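Be aware that the sequence shown starts at 533, since it is given in the working numbering, and climbs by one per residue.
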Amino acid sequence: MTKPSELKFSREFERKGNFSLLPSECWWRDHYEFLLSHGYQLRPRYHPGWKPSWLETDIFPYACEDAYKLLRETVIDAKRVQDGKIVAIKKFSADSREAQIGLMLSSSERLQDPTNHCVPIFDTFVNEEDNQTVFLVMPLLRAFDDPEFEYVEEAIDFVRQALEGLVYIHSQNVAHRDLSDLNIMMDGRPLFDPDGFHPCHQHLTARDLSKAKPRSRSDVGRVKYYFTDFGISTHFEDVNKPRLVIGNVAQDEDVPELSLFVPYDPFCVDVFTLGMVFKRNFLDVYKNLLVLAPLIHEMTKEKPEERLTAPQALELFDQLITTYPGYARRWCLHSHDERSTVRLTRNIRSVFRELSYLSKSLGSKSKFLTNMFLVIPRVSNASCSNA
533 MTKPSELKFS
543 REFERKGNFS
553 LLPSECWWRD
563 HYEFLLSHGY
573 QLRPRYHPGW
583 KPSWLETDIF
593 PYACEDAYKL
603 LRETVIDAKR
613 VQDGKIVAIK
623 KFSADSREAQ
633 IGLMLSSSER
643 LQDPTNHCVP
653 IFDTFVNEED
663 NQTVFLVMPL
673 LRAFDDPEFE
683 YVEEAIDFVR
693 QALEGLVYIH
703 SQNVAHRDLS
713 DLNIMMDGRP
723 LFDPDGFHPC
733 HQHLTARDLS
743 KAKPRSRSDV
753 GRVKYYFTDF
763 GISTHFEDVN
773 KPRLVIGNVA
783 QDEDVPELSL
793 FVPYDPFCVD
803 VFTLGMVFKR
813 NFLDVYKNLL
823 VLAPLIHEMT
833 KEKPEERLTA
843 PQALELFDQL
853 ITTYPGYARR
863 WCLHSHDERS
873 TVRLTRNIRS
883 VFRELSYLSK
893 SLGSKSKFLT
903 NMFLVIPRVS
913 NASCSNA
């Protein structure tokens, strides 16, 4: 039941037009039927005949799915009619470099490579009204660190996938040039099944707008991370030409060589910015990820020519992780500012998790040995009979 204060608040908001469609949302509404003709259905809010579901009721608007607005003007979520899967549709100008590079990296042949971590493009079509707008259909993603990492092995898996992805795009002669926190995302569906998450307010479930309760990455096996937003990326089609660029636009303002006048190597910039992602999100946050320190140091050197290349960074990472004990990888992450009570709780949970792991491991070995003891006599008997 909506409280009187909430009802008064919502009606005041309604009077001011706070729940009305934004101009950018009106654009999508006007393309509802067009997108549907291509097999993608927008949420009820963007139906041409939309009427707010809370009107003439005592329901608080934010308890209704159709009260939630788009977060980005150029991207909208939709249901793929064919299978009911929720996807993201992004609009581009027909001559967009981002769309061209994204489509190139998302070719059917390239998508077969498991080290390709560029966001896949499921479908593409042109706006028939002007032939100047291109729609790209992609998976619905979320921030790579939402929910937070819980175990060391989860952080290690992220670093591995990110380095794999960097090696891949560089092998395709593509420099991302803005490979920072906001442009690395995660396919979080496995963590939120079966209720899913709301496309615009991802802390809520898609089913009933209750608080989403994700599982840990370790519980579901593995999630996949993707590079997104190739808006300032460069594809060097002629490998014989110098691979240099100019420009000072990037999320990471710590890159030392960015310049509007002095050409620089954008592949070195990618290594630096990804190294800073590792530093900000892992080394500076958690005390039991010091294993990454040598890697980050080599990736973020001030002089570009002294940094590792992407393949060298992946090689160093493999060397460092090889020496890292298995139990340490399965342990809970501990932040630098963690309270002693929280640390104790996490350690206890880690101990029980490790005991469970050892129990399953020993159980598997025991079963294997039992089967071997059953098989050996049969083999022996068969050999005697043949003799």
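Idealized CB from N, CA, C, for every residue including glycine.
Source: prediction; values computed, not measured.
| field | Unbroken beta strand (DSSP E) run spanning Y796, endpoints | value | S791 to Y796
| task | Go ahead and pull the three-state DSSP assignment for P722. | result | helix
| For V907, does the three-state DSSP call read helix, strand or coil? | Note that V907 scores a pLDDT of 43, beneath 50, so its modelled location is shaky; the value from the coordinates is reported in the next line. DSSP places V907 in helix when its eight states are reduced to three.
| message | Classify A860: buried if its beta carbon has 16 or more other beta carbons within 10 angstroms, exposed otherwise. | response | exposed
| task | Could you tell me whether the region 743 to 755 touches the region 715 to 729, where touching means 3 or more Cβ pairs closer than 8 Å? | result | yes
| Which first and last residues belong to the alpha helix (DSSP H) in which G858 is found? | G858 to R861
| query | What's the C-alpha gap between N550 and P593? | reply | 11 Å
| message | If I measure Cβ to Cβ from S638 and keep anything under 6 Å in the same chain, skipping five residues before and after, which residues do I get? | response | P652 and I653
| query | What is the DSSP secondary structure of Q614, counted as helix, strand or coil? | reply | coil
| Any heavy atom of the ligand PLP closer than 7 Å to the Cβ of D677? | With respect to the ligand PLP, the structure offers nothing, as it holds no ligand at all.
| query | Around the Cβ of G616, are there at least 16 other Cβ atoms within 10 angstroms (buried) or fewer (exposed)? | reply | exposed
| task | Select from L815, L821 and T841 the residue whose C-alpha is nearest the C-alpha of P798. | result | T841
| said: Tell me the DSSP secondary structure of E596 in three-state form. | reply: Looking at the sequence shown, residue 596 is not Glu but Cys. It is coil, neither helix nor strand.
| said: Using a Cβ-Cβ cutoff of less than 8 Å, which residues in the same chain neighbour V809 once the five nearest sequence positions on both sides are dropped? | reply: A694, L711, S712, D713 and I716
| message | So, for E685: in the same chain, excluding its five sequence neighbours on each side, which residues have a beta-carbon less than 8 Å away from its beta-carbon? | response | S750, R861 and R862
| task | Indicate whether at least one CB of chain C lies closer than 8 Å to the CB of L821. | result | In the displayed structure, chain C is absent; only one protein chain is listed.
| Residue interval of the alpha helix (DSSP H) (run including Y700) | V684 to S703
| query | If you compare alpha carbons, which of P731, R709 and Q573 is closest to R604? | reply | P731
| Taking just the CA atoms, how far does H866 sit from F681? | 10 Å
| message | Just to check my reading of the structure: F657 and H570 have Cβ atoms closer than 8 Å, yes? What is that Cβ distance to the nearest angstrom? | response | 5 Å
| Nonlocal neighbours in the same chain, by C-beta distance under 8 Å from G634, ignoring five residues either side | C650, V651, I653, L668 and F762
| request: Grab me the residues of P679's own chain with a C-beta within less than 6 Å of its C-beta, minus the 5 sequence neighbours each way, in chain order. | output: P746
| field | Simplified DSSP state of I653, which is helix, strand or coil | value | coil
| message | Three Cβ pairs or more, each shorter than 8 Å: is that satisfied between the region 883 to 897 and the region 699 to 710? | response | no
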